[in-house]
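S.K.: Numbering (full-length UniProt numbering), first residue to last: 1 to 197.
First the structure, which I've put down as structure tokens, then a few questions once you've had a look.
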């Protein structure tokens, strides 16, 4: 079975046009990137229609060599990131089954790098790390996890895994960590703390 990384096709083809090819690729749940192209600039809605059918990029002919290389490289980088996310989601789904089965308490910890953010939505790295953790918590609950067993914690930039002195270090520190304990262990620890032992 052939699973191409990229499908590059013209919108105007005999038999099946590029939009239909793109729709078919998406229906088959192939993870191939689709780049559609056309020489007919008169059809102003082609880029919108390409996006609506699930195309990853749209190019108008004539296409410059540098433009095509840029788009292909960009689409491949995005595809690589999607593959990484897909694999991580599979790992997370497997872990979710264990967490639900054994009644674990789950704490989602949000972390950022040391670059200060000051936007209306995120006045500081505290809000950003909390938002990241909350998004994962919502995904766990949507996946069927008991909301009473989920909590979040935001650490901003104050618990880095590695120094923030490089781009790679900062990328490593922008993370979510999922910490879990079995409910009975957690309850036992709470009981001990309440007794003061």
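The beta carbon of each residue, even a glycine, is placed where N, CA and C say it ideally should be.
Are there 16 or more other CB atoms within 10 angstroms of the CB of residue 179, so buried, or fewer, so exposed?
M.R.: Taking the first residue of the chain shown as 1, we reach residue 179 at position 179. Exposed, because fewer than 16 other Cβ atoms sit within 10 Å of the Cβ of residue 179.
S.K.: Please state whether the Cβ-Cβ distance between residue 108 and residue 176 is less than 8 Å.
M.R.: Residue 108 sits at position 108 when you count from the first residue of the chain shown. Residue 176 sits at position 176 when you count from the first residue of the chain shown. It is a contact, given that the beta carbons lie within the stated cut-off.
S.K.: Using a Cβ-Cβ cut-off of 7 Å (strictly less than) and excluding sequence neighbours within five positions of residue 3, which residues of its own chain qualify?
M.R.: Counting from one through the chain shown, the residue named residue 3 turns up at place 3. The residues are 30 and 32.
S.K.: Just verifying my parser: in three-state terms, what is the DSSP assignment at residue 111?
M.R.: Locating residue 111 in the chain shown gives position 111, counting from the first residue. Reduced to three states, the DSSP call for residue 111 is strand.
S.K.: I need the DSSP call for residue 30, collapsed to helix, strand or coil.
M.R.: Within the chain shown, the letter at position 30 stands for residue 30. Residue state, collapsed to three classes: coil.
S.K.: Measuring straight from C-alpha to C-alpha, what distance separates residue 60 and residue 72?
M.R.: On the chain shown, residue 60 is found 60 positions in, with the first residue counted as 1. On the chain shown, residue 72 is found 72 positions in, with the first residue counted as 1. Looking at the two C-alpha atoms, the distance is approximately 14 Å.
S.K.: Give the DSSP bridge partners of residue 181, in chain order.
M.R.: For this step, residue 181 is matched to residue 181 along the chain shown. For residue 181, which the question treats as bridged, DSSP gives the partners 105.
S.K.: Can you say whether residue 162 is buried or exposed, counting buried as having 16 or more other CB atoms within 10 angstroms of its CB?
M.R.: Along the chain shown, read from residue 1 onward, the residue named residue 162 stands at position 162. So residue 162 counts as exposed.
S.K.: Give me, in chain order, the residues of the same chain whose beta-carbon lies closer than 6 Å to that of residue 22; leave out the 5 immediate sequence neighbours on both sides.
M.R.: By 1-based counting over the chain shown, the position of residue 22 is 22. Answer for residue 22: 34, 53, 54 and 55, listed in chain order.
S.K.: Less than 8 Å between C-beta atoms, sequence neighbours within five positions excluded: which residues of the same chain meet that for residue 133?
M.R.: As a position in the chain shown, residue 133 is number 133, starting the count at 1. Contacts found: 108, 109, 110, 152, 153, 154 and 176.
S.K.: Using three-state DSSP, classify residue 137 as helix, strand or coil.
M.R.: The sequence position of residue 137 within the chain shown is 137, counting from 1. DSSP places residue 137 in helix when its eight states are reduced to three.
S.K.: Can you check whether the C-beta of residue 125 is within less than 8 Å of a C-beta belonging to chain C?
M.R.: No chain C appears in the structure shown, which is made up of a single protein chain.
S.K.: Taking C-alpha atoms, which residue in 38, 74, 50 and 93 lies nearest to residue 24?
M.R.: Sequence index remark: in the chain shown, residue 24 carries index 24 (1-based). The option with the nearest alpha carbon to residue 24 is 50.
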